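Input: a single structure, listed below in structure tokens.
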Amino acid sequence: MSNRIDTTFAQLKAEGKSAFVAYVCAGDPDLPRSLEIVRAIADAGADVIELGVPFSDPLADGVVNQLAADRALKAGATLPKVIEMIREFRTTHETPIVLFTYLNPVYAYGFEKFHADAAAAGADGILALDLPPDEQARNAELTSQHELKRITLIAPTTPSERKAHLAAQSEGFIYALSRSGVTGAQAAPSAAIGEIVAEIKQATDTPVCVGFGINTPDQVAMVASVSDGVVVGSAIVNQVAENADSDDLVAKVKAFVTPLIQAAK
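Each residue of the sequence shown is one higher than the one before, starting from 1 at the first, in the UniProt record's numbering.
What follows is the structure, encoded as structure tokens:
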């Protein structure tokens, strides 16, 4: 069975288009509305959805995503409920889903069981934020799971030799950081993105998507012009936070994300 991520990027490449990858935290501000938000973002035309698994110690995230995880946890989100949310999403949509997670929730759930259950529910990939690629290579249990594409992170500060190594073993797509630091929309993407993407693509045919600090249509268009895709997360999550008490939450998030998605095309 072909993976939805591979199929989506192959289709976009054939059409000469870049992907729009949207990140939201599962269960924020609560599980029912979170599912509605994910469906609305898919309806708006997002090509891939990164679904954050709420975790109590999200070290790689900025304050916007940290607060989102806290809201989700307080609203009762758990990894089994996130997997069930994906299963519900799959009754109406085929948009690829990548689980954006730390290892702790996965191991608490059971590593093999997590991969099997998440894939069965309809997840397509996993981005394990705190799993060093070197450790993955040394542990059989971390390399024997093939149900989910393993998405690779590459930072602009990564040495060239290591970039090539990471790119060569990548699956699905590569998440290239536009700048160093934690997630968040507090700083604009680097002007050197084109060079970063070009260097990575010398070592792989895997699509390269760029994220971190991207929050306006102009920024999306600029990044899309030099990459295979654009990742927007904190700017969307911030819309959820600002409108969490609104009856029009889902509509407002969709209205915010629609021009960003259009700018990627």
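C-beta atoms are modelled at their ideal positions from N, C-alpha and C, and glycine is treated no differently. Keep in mind that this is a model prediction, so the values were computed, not measured.
For F173, the secondary structure class from DSSP, reduced to helix, strand or coil, is coil.
In this structure L59 is exposed. Its beta-carbon is surrounded by fewer than 16 other beta-carbon atoms within 10 angstroms. The residues P29, in chain order, have a CB closer than 6 Å to that of A244 in the same chain once the five nearest residues on each side in sequence are set aside. Between the C-alpha atoms of I151 and G172 there is a straight-line separation of about 6 Å. It is roughly 32 Å from the alpha-carbon of I41 to the alpha-carbon of T157.
For the stretch 82 to 143, the full-length alpha helix (DSSP H) segments reaching 4 residues or more read 103 to 109, 111 to 121, 133 to 138, 140 to 143 along the chain.
Note that the stretch 50 to 66 touches the stretch 220 to 235; at least 3 beta-carbon pairs, one per stretch, sit closer than 8 Å. For I49, DSSP records a beta bridge to A22, I97. Residue pairing for T152: DSSP places it in a beta bridge opposite I174. For the pair of segments examined, the stretch 42 to 57 was found to touch the stretch 16 to 34: the number of CB pairs separated by less than 8 Å reaches three. Counting every other CB atom within 10 Å of its CB across the protein chains shown gives A123 a total of 16 or more, marking it as buried. For V226, the secondary structure class from DSSP, reduced to helix, strand or coil, is coil. By DSSP's assignment, G62 forms no beta bridge with any residue. Membership of G211 in the beta strand (DSSP E) is indicated by the continuous run 208 to 211.
For the pair A68 and L51, the CB atoms are not nearer than the 8 Å cut-off. Sequence-distant Cβ neighbours of K149 in its own chain, meaning closer than 7 Å and more than five residues away, are N3, I5, D124, G125, E171, G172. E147 and A116 do touch by the CB rule: their CB atoms are close to 6 Å apart, below 8 Å. Note on S178: 16 or more other CB atoms within 10 angstroms of its CB, so buried under the neighbour-count rule. Under the DSSP assignment, G194 falls in the alpha helix (DSSP H) whose first and last residues are 193 to 201.
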